[in-house]
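Below is one structure; the comments refer to it alone.
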Amino acid sequence: MIERPRGTRDLDPDEMETRRKIEQNLRDLSTSFGYREILTPTFEHTELFTKKSGPDIVNELYHFEDKGGRDIALRPEFTASVIRAYNEGMRELPKPLKLFYFGPSFRYERPQSGRYREFWQFGTELIGPDTARADAENIALAYNCVKNIRLDEFELRVSNLKILDQFLQENDIDIEKRQDIYHKIDKEELEEVSEEYSLGSKLLDFLNMELDEMSNILKDPEPVEYLKEVLDLLEYYGLDEKHLKVDIGTVRGLDYYKGVVFEIDADNLGAEKQILGGGDYNLGDIFGIDISSKGFAMGFDRSILALENEGKLPELDEMDCYIIPIGEESFEYSYEILRELRSKNVITDIDLMGRGVGKALGYADKNDFKYALLVGGNEVEDKSVTIKDMHSGDQKTIGKDEFVREVDEKWN
RNA sequence: GCCGUGGUGGUGUAGCUUGGCAGCAUGUGGGACUGUGGAUCCCCUGGCCCGGGUUCAAAUCCCGGCCACGGCCCCA
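Those letters in the first sequence? Residues 234 to 645, by our numbering.
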């Protein structure tokens with residue numbers, strides 16, 4: 234038997250409805266922030282991703298040689314593609330350029346809870362302005378994305394990489410070791426870093442300081458002041474303080490992140506609990522341009538898992554009308570009703586199996602129809618329809634035209 | 001890639017230790033029921049993840065693979 238490939242999923246109608254609703258939330262919210270959707274190809278030249286993230290990530294890619302001998306990779310994320318697309322055809326667009334995207338990405342990793350080989354990402358890019366207000370706008374949208382889908386147990390950690398850079402520089406640590414150090418900090422191996430670079434307790438102490446203290450200690454407090462400015466600006470957006478945390482140990486291990494960075498964790502997830510990450514970076518190097526971009530990517534599947542764990546998945550819609558023709562002589566009239574209702578965008582279905590009224594009602598019940606419409610000889614006779622409210626069980630017979638008018642007024 | 005646990009009708013499970021007729025529940029379809037659902041009763045449908053080995057005999061024991069789950073590595 235052929236089964237689905239490792240790390241992939243089939244999404245059933247209930248799941249799809251849930252996902253579409255949450256997706257719609259994110260689209261509407263981003264649109265309200267002035268962002269507009271773009272879509273890039275599902276596959277790119279492998280080089281795009283290796284240039285962005287280093288040669289080692291080839292191991293994590295789905296890639297192959299196509300019939301023309303090109304080295305092609307399924308996108309492991311959108312950021313590189315978006316910047317590529319920007320460079321290739323959107324450079325002349327006015328700044329700030331605000332873009333969002335949504336779609337599947339692919340990584341060849343070992344699947345586990347909340348991690349699939351085909352997974353969905355929602356994300357944004359804010360291209361052009363390199364200002365504290367742009368950083369704040371970026372963070373505010375990220376926060377609201379999580380908030381808007383009604384997730385409640387999450388933590389947004391914010392940092393400015395330049396603060397740690399400054400600290401390391403002032404402690405005479407070669408900036409080339411930055412990546413190694415940040416990587417270890419990310420893994421919370423603080424003691425190893427302190428030991429390896431002879432920092433004693435300085436690093437740990439520093440990370441535990443309030444921003445004002447950091448500012449006093451550093452010879453150049455500008456990075457701290459910048460972060461404070463961003464935080465002040467965030468107050469304009471009405472973020473709930475309880476979700477917000479300044480954590481200078483929040484690092485995103487990659488070279489192209491430069492300034493303010495942030496991550497969001499969902500507390501109720503297991504090992505894979507980060508649902509969103511982003512910040513300020515410059516990918517222009519790949520294309521020989523200098524362009525600032527601030528964005529974030531949100532793990533759609535993980536976010537839904539977190540929502541599910543909180544019991545906050547949106548409710549599924551009901552269907553409207555299920556028509557039950559009683560006897561073939563009522564077919565013509567039944568289909569007339571069906572056509573009229575459907576033309577008014579009422580979600581209407583009709584029994585296709587010739588089932589008895591009892592079984593047909595059972596079907597309507599299991600499929601969450603609001604109303605069952607019984608249409609037999611009597612109804613055909615006087616151009617009426619018998620409507621059964623599937624919740625209350627109440628039932629009445631009214632003229633067909635009256636019913637259609639009523640439904641039209643109520644639902645449209 | 002590494003460590004661990006597991007895989008029996010569509011779904012959930014019993015059976016596995018001690019090899020010997022694969023059982024139950026639920027769901028789907030049909031009937032009781034061609035004018036009234038969420039109920040009841042009946043019938044049908046449908047399964048031992050795959051491959052190899054041991055054995056008279058394997059769902060059961062052994063080996064390999066695949067897949068899922070928990071964790072590690074990684075996490076753009």
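All C-beta atoms, glycine included, are put in the ideal place defined by N, C-alpha and C.
Inter-residue Cα distance where the pair is residue i and residue j
i      : j      : result
Glu409 : Gln399 : 13 Å
Val457 : Lys285 : 28 Å
Phe335 : Gln354 : 6 Å
Asp368 : Arg390 : 14 Å
Gly433 : Arg317 : 43 Å
Leu401 : Asp247 : 51 Å
Thr483 : Tyr459 : 16 Å
Phe191 : Ala597 : The shown model of the chain, from 234 to 645, leaves out residue 191, and the question about it has no answer.
Leu330 : Glu573 : 45 Å
Leu607 : Ile620 : 6 Å
Asn578 : Asp634 : 16 Å
Glu388 : Asp627 : 48 Å
Leu294 : Glu639 : 56 Å
Lys300 : Glu422 : 46 Å
Gly587 : Ala593 : 8 Å
Gly636 : Gly471 : The residue asked about is misnamed: residue 636 is Phe in this sequence, not Gly. Whole-angstrom Cα-Cα distance: 47 Å.
Asp407 : Pro454 : 19 Å
Pro288 : Gly492 : 24 Å
Arg269 : Ser263 : 7 Å
Pro362 : Asp601 : 50 Å
Tyr319 : Arg260 : 20 Å
Lys478 : Leu437 : 17 Å
Met234 : Leu244 : 19 Å
C-beta contact flag for residue i and residue j at 8 Å
i      : j      : result
Glu277 : Arg237 : no
Glu428 : Lys417 : no
Gly610 : Glu561 : no
Ile537 : Arg252 : yes
Glu358 : Leu332 : yes
Ser392 : Asp480 : yes
Ile305 : Thr273 : no
Lys452 : Glu403 : yes
Leu516 : Arg366 : no
Tyr568 : Ala605 : no
Glu551 : Lys599 : no
Phe533 : Leu374 : no
Leu546 : Leu384 : no
Tyr490 : Tyr514 : yes
Ile372 : Phe495 : yes
Glu310 : Ala530 : yes
Val315 : Leu509 : no
Ala499 : Glu386 : yes
Lys461 : Leu440 : no
Where residue i falls, given that 16 or more other Cβ within 10 Å makes a residue buried
i      : result
Phe564 : exposed
Pro558 : buried
Asp622 : exposed
Phe297 : exposed
Leu549 : exposed
Asn377 : buried
Lys395 : buried
Lys506 : buried
Ile414 : buried
Arg340 : buried
Gly511 : buried
Ile522 : exposed
Leu397 : buried
Leu326 : exposed
Ser338 : buried
Rounded Cβ spacing between residue i and residue j (contact assumed at less than 8 Å)
i      : j      : result
Gly632 : Lys616 : 6 Å
Gly322 : Gly528 : No, Gly322 and Gly528 are not in contact; Cβ-Cβ is about 18 Å, not under 8 Å.
Ile583 : Val618 : Incorrect: roughly 12 Å between the Cβ atoms, too far for contact.
Arg348 : Arg239 : Not really, about 12 Å apart at Cβ, beyond 8 Å.
Ile647 : Ile255 : Only positions 234 to 645 of the chain appear in the structure, and residue 647 is not among them; the question remains open.
Asn501 : Asn542 : 4 Å
Asp553 : Ile524 : Contact doesn't hold; Cβ gap of about 50 Å is too wide.
Beta bridge counterpart(s) of residue i as assigned by DSSP
i      : result
Thr251 : According to DSSP, which records beta bridges pairwise, Thr251 is partnered with nothing at all.
Tyr514 : Tyr490 and Ser526
Glu358 : Leu332 and Gly528
Gly581 : For the record, residue 581 in the displayed sequence is Thr; it is not Gly. Paired residues: Cys554.
Tyr596 : According to DSSP, which records beta bridges pairwise, Tyr596 is partnered with nothing at all.
Pro337 : Trp353
Ser392 : Val494
Gln628 : Lys621
Lys300 : According to DSSP, Lys300 bridges with nothing at all.
Ile406 : Per DSSP, none; premise fails for Ile406.
Ala499 : Phe387
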